[in-house]
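Visitor: Residue numbers (UniProt numbering): 1 to 39.
Here a beta-carbon is modelled for each residue, glycine too, at the ideal position from N, C-alpha and C.
What follows is a single structure, and I will ask about it in a moment.
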Amino acid sequence: SFVYLSNLMYPVPLIHKVAIVNEKGDVKGYLRVAVQAVV
Numbered sequence: 001s002f003v004y005l006s007n008l009m010y011p012v013p014l015i016h017k018v019a020i021v022n023e024k025g026d027v028k029g030y031l032r033v034a035v036q037a038v039v
């Protein structure tokens with residue numbers, strides 16, 4: 001999965017649900033990643 005950083009241009013936090021995938025392509029879990037600009 002990809003985490004997009006384009007929201008850093010604006011003062012809006014964004015939360016991504018990112019899949020954790022093993023070498024066979026099976027989804028084993030998820031991470032919740034919050035991206036927010038800190039100034």
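1) Do you know how far the Cα of aspartate 26 is from the Cα of methionine 9?
2) Which partner residues does tyrosine 30 have in the DSSP bridge list?
3) Measure the Cβ-Cβ separation of glycine 29 and isoleucine 20 and say whether it is below 8 Å.
4) For glutamine 36, which residues of its own chain have a beta-carbon under 6 Å away from its beta-carbon, when the five flanking residues on both sides are left out?
5) Starting from the C-beta of leucine 5, find all residues in its chain whose C-beta is less than 7 Å away, skip the five residues before and the five after it, and write them out in chain order.
Guide: So, from the data block:
1) For methionine 9 and aspartate 26, the distance between alpha carbons rounds to 34 Å.
2) Per the DSSP secondary-structure output, tyrosine 30 pairs in a beta bridge with Ala19.
3) At a Cβ-Cβ threshold of 8 Å, glycine 29 and isoleucine 20 count as neighbours.
4) In its chain, beyond the 5 residues on either side, Pro13 have a beta carbon closer than 6 Å to the beta carbon of glutamine 36.
5) Exclusion of the five residues before and after leucine 5 leaves Val35 as the residues of its chain whose Cβ lies within less than 7 Å of its Cβ.
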